[in-house]
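Trainee:
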Amino acid sequence: MPDPLIPLRQLLLRDDAEGTLKHLIQAAQHAHRAADVLPIIAALPEVPQDWLNSELGGLALAWLYFRGMQHRQLDDLLETRPAEQLLPFRAHLHLIHRRSELALNLARFSVLQAPDGPTRSLTLTQLAGAAAMLDHPHWKELYRFQIAQAPPIYRGLARVQFAFDLQHHQELGEATTELTRALGDLRHDPTTSTYVYRTLVAIALDTNQPGAALTALRKAEAIAQDGLLASELFLPRAMLTLNLTQYHVTIQTAATAREHVSVPDRLASTLVLGATALALMGQTFEAVLMAQEAAALHRVLDSGRHAILNHLALAYLHAGDLPRAQEALSRADSYSQHAGTLSWLARAECARQAGGEPLPPGDGIRAQLATLRWSWVRAYLPALLEQYAVVTFAPPEWTVRVSLAGPVRMWMSGDELPLRSTRPEAGLLALLVTAGGQVARERALDALDLPGKTPTARRKALSAAVAALRELLGWPGALTVDGGVLRLSDAPRWEEPSMPRRGREDFFCEGRFDPWVLEWREERALAGGPD
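Quick note on numbering: the numbering used here labels position 14 of the sequence shown as 58, and the sequence is numbered without any gaps.
Here it is as structure tokens:
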């Protein structure tokens, strides 16, 4: 894509208001990547404010914020502009916030007004999304019509939203197909591709494939090289770690997301998962506070309807606050099968806690319960699920396994972590696991082959190794330093490390030349080695 800033500045020099604003619109509409729009947004202070305050200026800003995925700025823009302006973008935000009736009404009206081209592609996708949210019988046909006639960029965007709605209707095979096709349409856009992989994580978890979920997350992480893309990964990381019972990591992911995720609905979804992890760890008060924070992001904490209130109700139930749970449920939407099942579970738990008759599940709920795969639900509502004889997948045990029989390697919950065996953090990990999980700082300084000739340089190198190992494990409390002692967290179960067989002491931490490693090899060889 040619540099759009060159013609922009030429138009500004000519004092061409209309030409400048039309150029901004076209640059946004035809950008292949969201990242291409960000330099234009950064150059907006060069555009006279009175131009941007005009109706055409509002349209230019809306397109830039939409294609640049700047949802918070788009939300702020729409609050300051007349209600009849920018209808396609109002419908888009209502879809994001799952305000189904408003989204459908605005999408219908904006389709009638939309000219041919990108605006019409956008409005048709919104119309299909609103119809899907309301379970209109022809919502799939609306999506397929839009996909068949849209140019590649907008076809890919439509496929992503189609897959999102298919996922919410539990049609996961078709959703995966649409996402795979979207990756082809959007291959030049790492931002949207990251979003696609994020959705594939959720689908893999719904089908009890944590390995596939981890693969999709790692592909997303390989793409995400800057803050914009990295912020997309907090939600899938929280989903994956919650389902792997890595609750400490989930909570930390949710807490960190506050600083990095600007899109309200994504931050709310991440906080909901953090609240769930807090509840499962017995921190019910903190869980309620985080669930309330999530609902507040959708502006429905005290009034209004939204599906997120199902999660808030569950947090109240976990804390034993039945009246507040019932109030939240009275306003909770269930716009999809997933949300509907969650809502039914919350209402059934209300009935159980109130001592009433068990809530009879309809055929649709029975079918959903029969295939219930959310491991966190199993841990969250054990008494309820036992009452209905629901069989769910047992959450995997959170374990860490380290192999010292060869290069240092590490696995968490069965998946290998990208530990480089020649790095100081690998030697530090080996020292810690052989010492029972904790070691004095001075002992680590003496034992490890750290870079640096001076004591100060070696202390800095040790601090860097601690930080690298902590980041690799995934949460701040994974490795703590207190009172001069380095200590591994006992939150996961640390399996006994694998050691080399008798006679192969040279395989212990192969490739490492830390003083203590050399001593270990020599001592074991003299003693005959371990069995």
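Cβ coordinates follow ideal geometry from the N, Cα and C atoms, glycine included.
In this text, all values refer to a predicted model and were calculated from it rather than measured experimentally.
Mind pulling the alpha helix (DSSP H) runs of 4 or more residues that sit fully within the region 391-430?
Mentor: Fully enclosed alpha helix (DSSP H) runs of 4 or longer: 407-414 and 419-424.
Trainee: From the DSSP secondary-structure annotation, give me the bridge partner or partners of W538.
Mentor: Start at 1 with the first residue of the sequence shown, and residue 538 comes out as number 494. Answer by DSSP bridge pairing, in chain order: V444.
Trainee: Going by the CB atoms, is the gap between G173 and D209 shorter than 8 Å?
Mentor: Walking along the sequence shown from the start, residue 209 turns up at place 165. Walking along the sequence shown from the start, residue 173 turns up at place 129. Yes. Within cutoff.
Trainee: Three-state secondary structure (DSSP) at M325?
Mentor: The count along the sequence shown starts at 1 and reaches residue 325 at position 281. Of the three classes helix, strand and coil, the one that applies to M325 here is coil, per DSSP.
Trainee: Tell me, to the nearest whole angstrom, how far the beta carbon of L279 is from that of R242; I am working on the premise that it is less than 8 Å.
Mentor: The residue given as residue 279 occupies position 235 in the sequence shown. The residue given as residue 242 occupies position 198 in the sequence shown. Between R242 and L279 the Cβ distance is about 7 Å, and since that is below 8 Å, they are a contact.
Trainee: Report the three-state DSSP secondary structure of E371 (helix, strand or coil).
Mentor: Mapped onto the sequence shown, residue 371 falls at position 327. Here E371 sits in helix by DSSP.
Trainee: Is the beta carbon of V332 less than 8 Å from the beta carbon of A376?
Mentor: Translated into positions along the sequence shown, residue 332 becomes position 288. Translated into positions along the sequence shown, residue 376 becomes position 332. No; because the gap between Cβ atoms is not below 8 Å, this pair is not in contact.
Trainee: At which residues does the alpha helix (DSSP H) containing R199 begin and terminate?
Mentor: Position 155 of the sequence shown, counted from the start, is the residue given in the question as residue 199. Its alpha helix (DSSP H) spans residues P196 to H212.
Trainee: Assign I409 to buried or exposed, taking buried as 16 or more other Cβ atoms, counted over all protein chains shown, within 10 Å of its Cβ.
Mentor: Counted from its first residue, the sequence shown places residue 409 at position 365. Result: buried.
Trainee: Which residues does DSSP list as the beta-bridge partners of Q482?
Mentor: Your numbering for residue 482 matches position 438 in the sequence shown. The partner list for Q482 (beta bridge, DSSP) reads R531.
Trainee: Count Cβ pairs between the region 344-364 and the region 440-460 that sit closer than 8 Å; are there 3 or more?
Mentor: Short answer: they don't touch.
Trainee: Enumerate, from N- to C-terminal direction, the unbroken beta strand (DSSP E) stretches of 3 or more residues contained entirely within the region 64-94.
Mentor: You should have found no qualifying run.
Trainee: Got a sec? Which residues, its chain only, sit under 7 Å from W560 by beta carbon, not counting five neighbours each side?
Mentor: In the sequence shown, counting from the first residue as 1, residue 560 sits at position 516. Hits under 7 Å: L475 and A491.
Trainee: Would you identify the three-state DSSP class for T524, choosing helix, strand or coil?
Mentor: In the sequence shown, counting from the first residue as 1, residue 524 sits at position 480. Residue state, collapsed to three classes: strand.
Trainee: Could you tell me the distance, in whole angstroms, from the CA atom of L258 to the CA atom of L361?
Mentor: Here residue 258 is taken as the residue at index 214 of the sequence shown, counted from 1. Here residue 361 is taken as the residue at index 317 of the sequence shown, counted from 1. Using only the alpha carbons, I get a separation of about 31 Å.
Trainee: Tell me where the beta strand (DSSP E) around R453 begins and ends.
Mentor: Counting from 1 along the sequence shown, the entry for residue 453 is found at position 409. Residues R453 to M456.
Trainee: Using 8 Å for Cβ pairs, my map puts W95 next to T124. What's the rounded Cβ distance?
Mentor: Position 51 of the sequence shown, counting from 1, holds the residue named residue 95. Position 80 of the sequence shown, counting from 1, holds the residue named residue 124. At roughly 15 Å, the Cβ-Cβ gap does not stay under 8 Å, so W95 and T124 are not in contact.
Trainee: Does the separation of the CB atoms of A202 and Q190 fall below 8 Å?
Mentor: Mapped onto the sequence shown, residue 202 falls at position 158. Mapped onto the sequence shown, residue 190 falls at position 146. Against a cut-off of 8 Å, the Cβ pair of Q190 and A202 comes out as a contact.
Trainee: Buried or exposed: where does R556 fall if 16 or more other Cβ atoms within 10 Å of its Cβ makes it buried?
Mentor: By 1-based counting over the sequence shown, the position of residue 556 is 512. Per the 10 Å Cβ criterion, buried.
Trainee: Between the Cα of I352 and those of H67, G384 and F551, spot the shortest distance and give me the residue it belongs to.
Mentor: By one-based count along the sequence shown, residue 352 stands at place 308. If we check each option's Cα against that of I352, G384 comes out closest.
Trainee: Which residues mark the beginning and the end of the alpha helix (DSSP H) in which F552 is found?
Mentor: The residue you call residue 552 lines up with position 508 of the sequence shown. Here F552 belongs to no alpha helix (DSSP H), and DSSP marks it neither H nor E.
Trainee: Inspect the beta-carbon positions of V421 and T436 and report whether they are closer than 8 Å.
Mentor: Residue numbering aside, residue 421 sits at position 377 when the sequence shown is read from its first letter. Residue numbering aside, residue 436 sits at position 392 when the sequence shown is read from its first letter. In this structure, T436 lies closer than 8 Å to V421 by Cβ.
Trainee: Between T294 and A323, is the Cβ-Cβ spacing less than 8 Å?
Mentor: Position 250 of the sequence shown, counted from the first residue, corresponds to residue 294. Position 279 of the sequence shown, counted from the first residue, corresponds to residue 323. No, these two residues do not count as a Cβ contact at 8 Å.
Trainee: Over what stretch of residues does the alpha helix (DSSP H) that includes L277 continue unbroken?
Mentor: Indexing the sequence shown from 1 puts residue 277 at position 233. No alpha helix (DSSP H) contains L277, which DSSP labels as neither H nor E.
Trainee: Return helix, strand or coil for D47, following the three-state DSSP convention.
Mentor: In the sequence shown, the residue the question calls residue 47 occupies position 3. Note: D47 maps to coil in three-state DSSP.
Trainee: Short check: CB of Y586 to CB of S165, under 8 Å?
Mentor: The first residue shown for the chain is 45 and the last is 575, placing residue 586 beyond what the model contains.
Trainee: Bridge partners for A449 per DSSP, in chain order?
Mentor: Taking the first residue of the sequence shown as 1, we reach residue 449 at position 405. Its beta-bridge partners are F552.
Trainee: DSSP on E215, reduced to helix/strand/coil?
Mentor: Within the sequence shown, the letter at position 171 stands for residue 215. Three-state result, E215: coil.
Trainee: Select from R262, V305 and Q327 the residue whose C-alpha is nearest the C-alpha of E292.
Mentor: Within the sequence shown, the letter at position 248 stands for residue 292. According to the sequence displayed, residue 292 carries His and not Glu. Comparing Cα positions, the closest option is Q327.
Trainee: Going by DSSP, name the residue or residues bridged to E99.
Mentor: Stepping through the sequence shown from its first residue, residue 99 is reached at position 55. None; E99 has no bridge partner.
Trainee: Take the Cβ of R111 as the centre, count every other Cβ of all protein chains shown within 10 Å, and call the residue buried at 16 or more, exposed below.
Mentor: Translated into the one-based positions of the sequence shown, residue 111 becomes position 67. Its Cβ being crowded by 16 or more others within 10 Å, R111 is buried.
Trainee: Please report the distance separating the alpha-carbon of L68 from that of A104.
Mentor: Position 24 of the sequence shown, counting from 1, holds the residue named residue 68. Position 60 of the sequence shown, counting from 1, holds the residue named residue 104. The alpha-carbon atoms of L68 and A104 are separated by roughly 6 Å.
Trainee: Give the DSSP bridge partners of E460, in chain order.
Mentor: If you number the sequence shown from 1, residue 460 lands on position 416. DSSP, once it has assigned bridges, lists W455 as partnering E460.
Trainee: State buried or exposed for D59, treating a residue as buried only when at least 16 other CB atoms are found within 10 Å of its CB.
Mentor: For this step, residue 59 is matched to residue 15 along the sequence shown. Burial call: exposed.
Trainee: Judging by CA-CA distance, which residue of L108, F551 and S533 is the nearest neighbour of A87?
Mentor: The count along the sequence shown starts at 1 and reaches residue 87 at position 43. It is L108 whose Cα lies nearest to the Cα of A87.
Trainee: I think A488 touches L530, with their Cβ atoms under 8 Å apart; what is that distance to the nearest whole Å?
Mentor: Along the sequence shown, read from residue 1 onward, the residue named residue 488 stands at position 444. Along the sequence shown, read from residue 1 onward, the residue named residue 530 stands at position 486. Indeed they touch by this definition, with Cβ atoms about 6 Å apart.
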